[in-house]
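Have a look at the structure below before the remarks.
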Amino acid sequence: MLLFIASEIMLFGSFFTIYFFVRVVNGASPWPPEGFHLPVFVAGVNTAILLTSSFTMHWALQAIKRGHRAGMQAGLVLTFFLGLTFLLTQMLEYSRIGFSPSDGAFGSVFYGLTGLHGAHVFVGLTLLAFATIRAFRGHFTPEEHWGVEIPGIYWHFVDVMWIVVYTTVYIL
Amino acid sequence: MINPLRSEAEAYRFLLLTVGYFAAIVIATLALGRWVGFAVFVLLTVAGLVYLVRARRTEPPRRVATREGSENVRRILVVANETVGGEPLREEIRRKSEGQEEQVLVICPALNSPLKHWASDEDGARVQAQERLDASLARLRQLGVDATGEIGDAEPLQAMEDALRLFGADEIIISTHPPGRSNWLEKGIVEGARERFSVPITHVVVDLEAEREAPS
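Those protein sequences? They're chains A and B, same order as listed. Note that our numbering has the first sequence beginning at 138, numbered continuously upward. Note that our numbering has the second sequence beginning at 970, numbered continuously upward.
Here it is as structure tokens:
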């Protein structure tokens, strides 16, 4: 697990290095550069959706630990659809944002960072889909629930990374 | 150092802390300026890193169920590394198995450097452990102790747990260097084993230097 975390930190770290390099090179000029407008409010709502999905994920695991199967199933379904909403909102944001990855260094690094995170959300959704199907097939018990625990850890990690991306790219 | 993503509950707590961490930085930056925000970032980052490095888990160790042994045979699991060939250890095994049929399994953990452990480069460590084990088994056979041996995990407690799942031990003998020279005693391996395993545990101290200096 530590090796996985280290590799992910290095992967995101390389993208953040590029981001801060571009930002420092930009100097005292306005940030984001002129002509680029980020939908801070929509992304903020999307952040709230993703944070809520972490709460439902935690609820799902707590439910199965207490032997409450329906709670786990509801938690997993809610988490999956909240994550899907996040991803679809991000795709909608891409279609309306008004610039593309080829529009200068800022465009490239913006799509690189948010796209890298989006790819992680997609992997998380795939894991959640499997966990949800297994939950409805009666696979998990209060003693044996690794199939929910591991996607849960991954999902929270993806949320942590989004908090970092949202704060640095959209707010600061 | 603790891993903040070891379990889902810990990962969830880490997420909440991350939200608080960035909220403090954003509020400080927007309300008081960029440099105050930077100061808050540095302070919180240092505090967080110090906590992660110094924090220790406080939950009780898990108890490990062991496989039942046979009634007619006394099964002894011996865990030792460099001291596997020491005279006190051989004497203890002989004493424990006296007067009844015994089965002795010697586990020799393949101790490795942390860097090689993380790089999964354990070939050299396993070869060295195998050499020590072969020499020890030969000495035990000379004393009339019928022993078999295996190379174990680099972590001694994990090596014991692995062995216990397959070998229904009635007793574990842990052999170490004397206090002050034993890395295992420093790490609390004997106490850890007593907390984790339900079978009786005997600790044998082997002073190899004294044995070498003693007249034969």
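Ideal Cβ positions, reconstructed from N, Cα and C, are used throughout, including at glycine.
Classify B:S1144 as helix, strand or coil using the three-state DSSP reduction.
strand
Mind reading off the beta-carbon distance from A:V301 to A:I155? Whole number of angstroms is fine, and I expect it under 8 Å.
Not quite, the Cβ-Cβ distance comes to about 14 Å (not below 8 Å), so this is no contact.
Count the other C-beta atoms from every protein chain shown that fall within 10 angstroms of the C-beta of A:Q227, then say buried if there are 16 or more, exposed otherwise.
buried
For a test of the three-state rule: what should DSSP assign to B:A1166, helix, strand or coil?
In the sequence as displayed, the identity of residue 1166 of chain B is Phe instead of Ala. In the three-state DSSP reduction, B:F1166 falls in the strand class (E or B).
Which residues does DSSP pair with B:G1118 in a beta bridge?
B:V1075
Quick one: measure Cβ to Cβ for B:V1173 and B:I1141, integer angstroms, because I've assumed they're closer than 8 Å.
That belief does not hold up - the Cβ atoms of B:V1173 and B:I1141 are roughly 11 Å apart, past 8 Å.
Tell me, please, whether the CB atom of A:G164 is closer than 8 Å to any CB atom in chain B?
no
Just grab the DSSP bridge partners of B:I1045 for me.
B:V1073, B:E1140
In this structure, how does DSSP classify A:H254 when only helix, strand and coil are distinguished?
helix
With a CB to CB cut of under 8 Å and the five nearest residues on each side skipped, what residues in its chain are close to A:T184?
W299, I300, Y303
If you count every other CB in all the chains shown that lies within 10 Å of the CB of B:F991, and 16 or more means buried, which is it?
buried
Under 8 Å between C-beta atoms, does A:E281 make it to chain B?
no
Of the residues that make up the stretch 234-266 of chain A, which ones have a beta carbon closer than 7 Å to any beta carbon in chain B?
none
Got a sec: is the Cβ-Cβ distance from A:E286 to anything in chain B below 8 Å?
Among the CB atoms of chain B, one or more fall inside 8 Å of the CB of A:E286.
Could you tell me which residues DSSP pairs with B:H1172 in its beta bridges?
B:I1143
Do we get a CB-CB distance below 8 Å when we pair A:V297 with the residues of chain B?
yes
Is the Cβ-Cβ distance between B:V1175 and B:H1146 less than 8 Å?
Between B:V1175 and B:H1146, the C-beta spacing is below 8 Å.
So the candidates are A:D240, A:L219, A:V161, A:A242; which of them puts its Cα closest to the Cα of A:D296?
A:L219
Whole angstroms are fine: how far does the CA of B:T998 sit from the CA of A:F243?
22 Å
Is B:L1126 near B:I1158, with beta carbons less than 8 Å apart?
yes
Identify whether B:D1103 lies in helix, strand or coil by the three-state DSSP scheme.
helix
Considering A:W196, what are the terminal residues of the alpha helix (DSSP H) in which it resides?
That run of the alpha helix (DSSP H) goes 177-202.
Could you please give the first and the last residue of the uninterrupted alpha helix (DSSP H) stretch that includes B:R1064?
B:R1064 -> alpha helix (DSSP H) spans 1056-1065.
Which residues in chain B sit within 8 Å of A:H195, going by Cβ to Cβ distance?
E977, A978, Y981
Beta carbon of B:I1076, beta carbon of B:E1119: below 8 Å?
yes
What span of residues does the alpha helix (DSSP H) with B:D1090 cover, start to end?
It is not in any alpha helix (DSSP H) - B:D1090 carries neither H nor E in the DSSP assignment.
Within the continuous alpha helix (DSSP H) that includes A:P112, where are the two ends?
Residue 112 of chain A cannot be examined here, being either before or after the span of chain A that is shown, 138 to 309.
Could you have a look at B:H1086 and say whether DSSP puts it in helix, strand or coil?
helix
Under 8 Å between beta-carbons, which chain B residues line up against A:L175? List them in chain order, please.
The contacting residues do not exist; A:L175 stays about 15 Å from chain B at best.
Since A:L213 and A:A272 should fall inside the 8 Å C-beta cutoff, what is the C-beta to C-beta distance between them, to a whole number of angstroms?
Taking C-beta atoms under 8 Å as the contact rule, A:L213 and A:A272 qualify, at a distance of about 5 Å.
Classify B:E1051 as helix, strand or coil using the three-state DSSP reduction.
helix
I'd like to know whether the C-beta of B:L1018 is nearer than 8 Å to at least one C-beta of chain A.
no
Identify each residue in the stretch 200-219 of chain A for which the Cβ-Cβ distance to at least one residue of chain B is less than 7 Å, and report them in chain order.
none
Going straight from the alpha carbon of B:S1151 to that of B:L1177, what length do you get?
A direct Cα-Cα distance of roughly 12 Å separates B:S1151 from B:L1177.
My output table needs one value for A:F236: the three-state DSSP class, helix, strand or coil.
coil
Look up B:L1001 in the DSSP assignment and say whether it is helix, strand or coil.
helix
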